[in-house]
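Colleague: Please see the structure below; I have some questions.
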Amino acid sequence: METIAENITRLRERIYNRALKTGRKPDEITLVAVTKTVDSNRIKEAREAGVTVFGENYVQEAMGKIRHIGEEVSWHMIGHLQTNKVKHVVPLFSMIHSVDSVRLAEEISERAIERDKIMEVLIQVNIGRENAKAGGVKPEELPQLFEAVSSLRGINVKGLMIMPPYFSDPEKARPFFTTLRELRDKLFPFYSDSLPLSHLSMGMSSDFEVAIDEGATILRIGTAIFGGRK
Ligand SMILES: *Cc1c(COP(=O)(O)O)cnc(C)c1O
3 METIAENITR
13 LRERIYNRAL
23 KTGRKPDEIT
33 LVAVTKTVDS
43 NRIKEAREAG
53 VTVFGENYVQ
63 EAMGKIRHIG
73 EEVSWHMIGH
83 LQTNKVKHVV
93 PLFSMIHSVD
103 SVRLAEEISE
113 RAIERDKIME
123 VLIQVNIGRE
133 NAKAGGVKPE
143 ELPQLFEAVS
153 SLRGINVKGL
163 MIMPPYFSDP
173 EKARPFFTTL
183 RELRDKLFPF
193 YSDSLPLSHL
203 SMGMSSDFEV
213 AIDEGATILR
223 IGTAIFGGRK
C-alpha cells in the first residue's frame, strides 16, 4: 500500500508532466482532493503533504470534518446542493461547483450578502447524462443561466464544471471535456483568472490527464489520492 503522501507526490508529477506536454502552465491547474467518505486523519495526511484545497459532496459529512480540520485550508462543495442546505455551505466553503439553477444561485447570493461575502461558484453543465438527478444545466440553457447568475451581487461566477459519465477508457471522456471548453470559449474567449468563466473544473482520477489536454484548471481527484471508496 502506498501512503497518501506518496500518492500525492506521484499525482503532482503526472499533472506537471501532462501540463508541460500539452503546452500549459502547471501552476494554472489546481488540485482539489476529494474527501467524501475519507476520515479526518487521512485528510490531515493529505494536508501535511501540501494539499490546500479539499472537495466534499455532502454538507452534513463536510461540516464535521471542517470543524475538525479547520479553515486554514479551502473547501469546495462539489456535490449536488439543495437550496435548504445553502445556509450551511456559504460560511464554510470557498467555492461551489454545482450551481445549476437560478433558484439555487439566488439563495447562495442572499446568504453570501448576509455574511458580507462574495461566493465563488461554477456552473455545472450536464452533457451526456440523461438522468436529471446527475445535476447540471443543459448546454442550450447555459448562456441564459450564466447571465442570470452573473447579475447576482453575492456571487462571482468563476467557470464551468462537468461530471461526464464514467468510462474505463479515459479517451472516451475527451469529447465531454472539449465540449465544456467550447461552451466556455463561446461565452469568454480567453483565459484569465480575473475574468468570469475562466475556470474549467473537470477531470477525476481516471481521466484527469485527458482533462488537462482539454484545458482543465481545476481537477477533482479522490481515488488516486486516498484509494478506493467502500
Ligand atoms: C467522487 C467525485 C470526484 C472524484 O472521483 P475519483 O474518481 O475518486 O477521483 C470528483 N468529482 C465529483 C463530483 C465526485 O463526486
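Mapping of the sequence shown onto my numbering: position 33 corresponds to residue 35, and the numbering continues sequentially without gaps.
Backbone N, C-alpha and C fix where the C-beta goes; we use that ideal spot for every residue, glycine too.
Considering only heavy atoms of ligand 1, does any lie closer than 7 Å to the CB of residue 32?
Modeller: Not so, every heavy atom of ligand 1 lies at least 7 Å from the Cβ.
Colleague: Need the endpoints of the alpha helix (DSSP H) that residue 42 sits in, please.
Modeller: 42-50 is the span of the alpha helix (DSSP H), which, as asked, contains residue 42.
Colleague: Taking the alpha-carbon positions, what's the residue 21 to residue 215 distance?
Modeller: Their backbone Cα atoms lie some 7 Å apart in a straight line.
Colleague: Thinking C-alpha only, which one of 229, 38 and 81 is nearest residue 203?
Modeller: Cα-wise, what sits closest to residue 203 is 81.
Colleague: Using 8 Å as the Cβ pair cut-off and three pairs as the minimum, do the stretch 134-142 and the stretch 112-119 touch?
Modeller: No: the two stretches stay apart, fewer than three of their Cβ pairs being nearer than 8 Å.
Colleague: Have a look at 159, 228 and 201 and flag the residue whose alpha-carbon is nearest the alpha-carbon of residue 221.
Modeller: The residue with the shortest Cα to Cα distance from residue 221 is 201.
Colleague: Taking C-alpha atoms, which residue in 210, 14, 149 and 145 lies nearest to residue 172?
Modeller: When only C-alpha atoms are compared, the closest one is 210.
Colleague: For residue 67, is the beta carbon positioned less than 7 Å from some heavy atom of ligand 1?
Modeller: Outside the cutoff, so no.
Colleague: Using a threshold of 7 Å, is the CB atom of residue 6 nearer than that to any non-hydrogen atom of ligand 1?
Modeller: No, Cβ of residue 6 sits at least 7 Å from all heavy atoms of ligand 1.
Colleague: Under 8 Å: do the stretch 34-54 and the stretch 6-26 share three or more Cβ pairs, one atom per stretch?
Modeller: At 8 Å Cβ cutoff, the stretches touch.
Colleague: Hey, residue 103 and residue 78 are a contact pair by Cβ (cut 8 Å); roughly how many whole angstroms apart?
Modeller: No, residue 103 and residue 78 are not in contact; Cβ-Cβ is about 19 Å, not under 8 Å.
Colleague: So, helix, strand or coil for residue 218, using DSSP?
Modeller: In the structure shown, residue 218 sits in coil (DSSP, three-state: anything other than H, G, I, E or B).
Colleague: Given that a residue counts as buried once 16 or more other Cβ atoms are within 10 Å of its Cβ, and exposed if not, what is residue 59?
Modeller: Label assigned to residue 59: buried.
Colleague: Rounded to whole angstroms, what's the CA-CA distance from residue 168 to residue 174? Just pull it up for me.
Modeller: Roughly 9 Å separates the two Cα atoms.
Colleague: What did DSSP end up calling residue 11 once you bin it into helix, strand or coil?
Modeller: The answer is helix: DSSP assigns residue 11 an H, G or I state.
Colleague: Suppose you measure from the CA of residue 232 to the CA of residue 40; what does that come to, to the nearest Å?
Modeller: Whole-angstrom Cα-Cα distance: 10 Å.
Colleague: Give the DSSP-derived three-state secondary structure of residue 161 in the structure shown.
Modeller: Residue 161: strand per DSSP, three-state reduction.
Colleague: Tell me whether residue 136, by its Cβ, gets closer than 7 Å to a heavy atom of ligand 1.
Modeller: No, the Cβ of residue 136 stays beyond 7 Å of every heavy atom of ligand 1.
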